[in-house]
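Residue numbers (the working numbering): 1 to 364.
We put the beta carbon where it would ideally sit given N, CA and C, even for glycine.
Each remark here refers to the structure printed beneath this line.
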């Protein structure tokens, strides 16, 4: 059983997590549970959120989400959330714990200040048999608060969607800078790309956009990356120092670029977990902290098509072998000692076929 937030939020930042749910549902005989909440009940969620920072009594307060009891028992209950506060909607399934053999909570994003701020809520996660967190540095703290096993489950991508064997196809977008940007670097890139008469693609919205449908959004993103030469990456939550307070982490973007065959340029952590998951030098072209020099590095890479093709080949091979959502789900099953399904084996075979096709069609 997969408890999903997809009917409760349309924020574009959630689309990656919903994609993970879709992959899991595709390789398991999973039932998707996505409750809704009437707009006139959102005040109830806000009230419960407020109390969850102050008292364990928050669990007795309704969240306003419509009830969808399980009814039948399930072997494994999976609660996918971006942040723990989304777990407040679990009261939509009042019998989820009593009717679940095992239960796991998958957390995409969590920073240390939020653990302290929502301590009663964090303690309530002890109901789960396993908690996963995309930020490895937070795993020990979550374990300390909940007393439950916590494993690192970093971001990934649906490689069946992003990967393309036509790696040397025309890539009209020179640089794709998705989402939040470093203002000074963005300004330098604008100037440089105008001088080159290049195609610089970036987001212009000031607020997080809304995605009407996560599948359409992920298809569009994959299509854009597949047509980009360079893809900008950066630390998670860049520009939001108030939330991360010096903590450095990375997210799915560090997989999405290489998955679509773009060369990743920008900024990546030097933390142990990043270096463990991206232990090859081609994973990212690390740019200078000086904006003008960083823009010059981007220009030099654009002027070296042979090197771009080489990096595409190396990065896609690693992504297909290590960074599909399948590989993340396998970590959950491995923790519980559960066998992989036949559908998982078939997906691994298909990823290997894509890798072989791409290898044969990339110009060296």
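_Out of 314, 92 and 137, which one is the CA nearest neighbour of residue 7?_
Start at 1 with the first residue of the chain shown, and residue 7 comes out as number 7. Closest option to residue 7, Cα to Cα, is 92.
*For the alpha helix (DSSP H) holding residue 26, just list the boundary residues, first then last.*
Within the chain shown, residue 26 is the residue found at index 26, counting from 1. Counting along the chain, the unbroken alpha helix (DSSP H) around residue 26 starts and ends at 15–27.
*Taking the alpha-carbon positions, what's the residue 188 to residue 127 distance?*
Along the chain shown, one-based indexing puts residue 188 at 188. Along the chain shown, one-based indexing puts residue 127 at 127. Taking the straight line joining both Cα atoms gives about 50 Å.
*Is residue 82 buried or exposed, if buried means 16 or more other CB atoms sit within 10 Å of its CB?*
Translated into positions along the chain shown, residue 82 becomes position 82. With at least 16 other beta carbons inside 10 angstroms of its own, residue 82 counts as buried.
*What is the DSSP secondary structure of residue 1, reduced to helix, strand or coil?*
Position 1 of the chain shown, counted from the first residue, corresponds to residue 1. Of the three classes helix, strand and coil, the one that applies to residue 1 here is coil, per DSSP.
_the region 182–197 touching the region 292–303, judged by at least three CB pairs closer than 8 Å_ = yes
*Can you give the Cα-Cα distance for residue 33 and residue 75, rounded to whole angstroms?*
Position 33 of the chain shown holds residue 33. Position 75 of the chain shown holds residue 75. Between residue 33 and residue 75, the C-alpha separation is close to 15 Å.
*Between the region 313–323 and the region 251–261, do three or more beta carbon pairs fall short of 8 Å?*
yes
*asked:* What does the alpha-carbon distance come out to for the pair residue 179 and residue 203?
replied: Position 179 of the chain shown, counted from the start, is the residue given in the question as residue 179. Position 203 of the chain shown, counted from the start, is the residue given in the question as residue 203. In a straight line, the C-alpha of residue 179 is about 6 Å away from that of residue 203.
*asked:* With the cut-off set at 8 Å, would you say residue 312 and residue 233 are in Cβ contact?
replied: The sequence position of residue 312 within the chain shown is 312, counting from 1. The sequence position of residue 233 within the chain shown is 233, counting from 1. For residue 312 and residue 233, no; Cβs fall outside 8 Å.
*asked:* Once the 5 residues before and after residue 346 are set aside, which same chain residues still bring their CB inside 6 Å of it?
replied: Residue mapping note: residue 346 aligns to position 346 of the chain shown, counting from 1. Cβ-Cβ distances below 6 Å link residue 346 to nothing in the same chain once the five nearest sequence neighbours on each side are left out.
_Length of the line joining the Cα atoms of residue 52 and residue 163_ = In the chain shown, counting from the first residue as 1, residue 52 sits at position 52. In the chain shown, counting from the first residue as 1, residue 163 sits at position 163. Cα to Cα, residue 52 sits roughly 41 Å from residue 163.
*Given a threshold of 16 other Cβ atoms within 10 Å of its Cβ, counted over all protein chains shown, does residue 277 qualify as buried or as exposed?*
For the purposes of this step, residue 277 is taken as the residue at position 277 of the chain shown. Classification of residue 277: buried, given that the 10 Å Cβ count is 16 or more.
*asked:* Between residue 106 and chain C, is the shortest Cβ-Cβ distance under 8 Å, so that the two count as touching?
replied: The structure shown contains no chain C; it holds only a single protein chain.
*Excluding the five sequence neighbours on either side, which residues of its own chain have a C-beta within less than 6 Å of the C-beta of residue 36, listed in chain order?*
Numbered from 1 along the chain shown, position 36 holds the residue referred to as residue 36. These residues qualify, in order along the chain: 7 and 66.
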